[in-house]
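When you read off a place in the sequence shown, starting at 1, and then add 30, the result is the number in the working numbering. Where is the CB? At the ideal position from N, CA and C, for every residue including glycine. Given the structure is predicted, the values throughout are model-derived calculations rather than measurements.
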Amino acid sequence: MNTRGKTAVSGGDRELREQLRRVVELSIPAILAEISSMAMQYIDAAMVGSLGANASASIGLVSTSTWLMGGLCISVATGFSVQTAHLIGAGRLEEARSVLRQALGTALAVGLLLCLAGVSISGWLPVWLGGEETIRRDASSYFFIYACALPAVQMRQLAGSMLQCSGNMKTPSVLNAIMCGLDVVFNWLLIFPDHHMSFLGITIPGADMGVAGAALGTALAEWVTAVLMLAAVCLKSPKLRLTAGGGSWKLTPQCALAAAKIAVPMAFEHTVLCGAQIASTKIVAPLGTVSIAANSLAVTAESLCYLPGYGIAAAATTLVGQSLGAKRKDLARRYARLSVFLAVILMAAMAVVMFMGAPAVFALLTPDPAVRELGVLVLRIEAFAEPLYAVSIAAAGALRGAGDTLVPSLLNLASMWGVRITAASILAPRLGLTGVWLAMCGELCVRGVLFLIRLLREKWLEHAMEI
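In structure tokens:
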């Protein structure tokens with residue numbers, strides 16, 4: 031009997047199980063963080079949705095623009111945090127803390143610039159997007175207040191990414207859950223008029239700000255969470271706390287160049303994606319208030335499906351980055367493939383839940399029957415794209431860990447503009463919002479295939495960024 035062969039197989043199985051356990055271990059807190067983010071979107075949508083279709087449509091009109099700003103913040107954070115993951119994997123902790131110091135000043139400057147840009151265009155944005163006169167004022171107010179919170183969004187993203195890339199997924203998850211709770215409280219106080227608590231016999235004054243109150247509630251939650259997240263990474267992190275000393279606050283050419291190689295293509299990618307989504311919003315806008323509201327709420331509802339994918343992608347970035355920092359390309363390859371496999375399984379299961387539960391979800395989000403009916407229809411169309419969407423999400427996370435962001439951004443450019451926008455512009459006049467979501471479903475499938483090919487060809491592994 032060949033016991034040596036059996037022992038080798040057994041050892042390989044144990045190693046595979048250990049690697050899968052590691053992916054799951056890091057993914058769960060990240061998924062919980064995504065759940066809290068999704069819950070915050072549901073809370074905002076449900077609270078504002080109770081005010082009517084116009085209120086939902088006013089937020090839906092500028093939502094793609096807020097995603098663009100948030101995506102740029104994520105790009106800056108990733109440019110520095112991937113460097114940190116590589117340095118931690120190589121055991122170079124003092125250099126990792128130096129990258130954190132340099133990242134803090136850079137991120138604050140970027141956040142302030144984005145804030146200035148957002149405030150400057152807030153009055154004109156709803157007009158540029160083709161929104162109806164009845165929703166422009168609320169849409170403008172919502173975007174203006176969101177723009178004022180962009181420095182906090184940027185710092186929260188940076189601190190959270192740094193903690194995740196150091197292997198600490200739990201703290202960002204807990205703090206994001208706290209942000210969700212704060213958003214509920216602030217929204218409750220700011221959106222509606224006075225609240226009567228019958229079991230206590232008291233009345234709590236409300237600001238009755240409507241849509242603007244939703245934006246302000248979210249902004250306040252972002253600022254509080256940003257402070258807590260920064261304290262966690264700068265003062266409490268065993269690997270990154272600045273009290274341990276080491277490193278300079280001055281941005282070095284080497285660190286700036288390494289960050290730019292990751293962040294600039296990512297920023298381009300987010301601009302491409304959100305630019306396409308803004309173009310999609312302009313395609314949807316002429317379809318009327320009901321279509322705008324249904325589109326916005328369906329996008330929010332769909333997050334139930336893809337949140338596991340983004341949680342796993344965050345874990346993949348950490349694991350691939352640390353593996354490459356330790357010069358283990360074989361391990362990076364295994365983690366990348368395991369992450370994609372796990373994301374597909376989970377998102378396919380969530381797609382079934384979303385398809386079956388769509389009516390209940392829309393009953394929660396809006397009282398308007400026309401918005402409900404249309405939203406359920408388009409949401410069920412999207413369910414069929416989720417497995418391949420999972421491939422693109424998880425693969426992108428793994429590729430970011432290797433510093434490979436340029437080619438993925440080009441793939442997104444080809445997919446979004448070559449497939450989604452082209453198809454949506456053709457189908458929308460004929461099929462309405464249903465045509466827009468059919469185009470989206472087809473594009474996500476194409477994108478998943480493109481990212482799978484990129485992952486399996488492994489050129490990203492051959493040319494992984496050296497720190």
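Asked                                                                                            : Found
Where Ser-228 sits in the DSSP three-state scheme                                                : Since pLDDT at Ser-228 reaches only 46, below the 50 mark, its modelled position is unreliable, and no value is offered.
For Glu-163, three-class secondary structure by DSSP                                             : helix
Arg-364 vs Gln-49 beta-carbon contact at 8 Å                                                     : yes
Span of the alpha helix (DSSP H) around Ser-313                                                  : Per the sequence shown, the amino acid found at residue 313 is Ile instead of Ser. Counting along the chain, the alpha helix (DSSP H) containing Ile-313 begins and ends at 283-314.
Bounding residues of the alpha helix (DSSP H) (the contiguous stretch that carries Leu-81)       : Element bounds for Leu-81: n/a, residue is neither H nor E.
At least 3 beta-carbon pairs within less than 8 Å: the region 98-118 vs the region 181-196       : yes
Three or more C-beta pairs below 8 Å linking the region 273-288 and the region 243-253           : no
Among Ser-191, Gly-351, Ala-133, nearest to Gly-119 - alpha-carbon criterion                     : Gly-351
Burial state of Ala-274 (16 or more Cβ within 10 Å)                                              : exposed
Limits of the unbroken alpha helix (DSSP H) element including Phe-216                            : 200-221
Environment of Met-99 [buried if 16+ CB atoms lie within 10 Å]                                   : buried
Val-421 vs Val-370 beta-carbon contact at 8 Å                                                    : yes
Nearest neighbour of Ala-345, chosen from Val-391, Leu-219, Ala-426 [CA to CA]                   : Ala-426
Where Trp-447 falls: helix, strand or coil (DSSP)                                                : helix
Rounded straight-line distance, which links the Cα of Arg-52 to that of Glu-332                  : 27 Å
Endpoints, the alpha helix (DSSP H) within which Met-239 is located                              : That residue, Met-239, is in no alpha helix (DSSP H); it is neither H nor E in DSSP.
Cα-Cα separation between Leu-180 and Leu-361, rounded to whole angstroms                         : 37 Å
Spatially closest choice to Ala-432 from Thr-348, Met-259, Pro-338, by CA coordinates            : Thr-348
Straight-line Cα distance separating Thr-396 from Met-227                                        : In this predicted model, Met-227 has a pLDDT of only 46, less than 50, meaning its place in the structure is not dependable; the value taken from the coordinates is given anyway. Taking the straight line joining both Cα atoms gives about 24 Å.
Exposure label - Arg-127; buried when at least 16 CB within 10 Å                                 : buried
Segment contact flag, the region 288-302 with the region 211-223, C-beta cutoff 8 Å, min 3 pairs : no
Distance between Ala-379 and Val-157 (C-alpha atoms, nearest Å)                                  : 40 Å
Coil, strand or helix - Ala-432 by DSSP                                                          : coil
Limits of the alpha helix (DSSP H) - the one that Gly-127 falls within                           : According to the sequence shown, residue 127 is Arg rather than Gly. Its alpha helix (DSSP H) spans residues 123-151.
For Pro-338 and Pro-268, the rounded distance between their alpha carbons                        : 27 Å
Meets three-Cβ-pair contact criterion under 8 Å: the region 146-153 and the region 309-318       : no
C-alpha distance - Ala-504 paired with Arg-460, whole-angstrom precision                         : Within the shown structure, residues of the chain are numbered from 31 to 497, placing residue 504 beyond reach of any answer.
Span separating the alpha-carbon of Asn-198 from that of Leu-270                                 : 11 Å
Rounded separation between Leu-143 and Ala-290 - CA only                                         : 17 Å
Alpha carbon of Cys-195 to alpha carbon of Gln-113, nearest angstrom                             : 9 Å
Runs of alpha helix (DSSP H) wholly within the region 354-428 (minimum 4 residues, chain order)  : 359-395, 399-412
Three-state secondary structure assigned by DSSP to Arg-271                                      : coil
Cβ-based burial, Glu-125 [other Cβ within 10 Å; buried from 16]                                  : buried
Inter-residue spacing [alpha-carbon to alpha-carbon] between Lys-266 and Asn-206                 : 17 Å
Ser-321 (DSSP reduced to helix, strand or coil)                                                  : helix
Cβ-based burial, Met-386 [other Cβ within 10 Å; buried from 16]                                  : exposed
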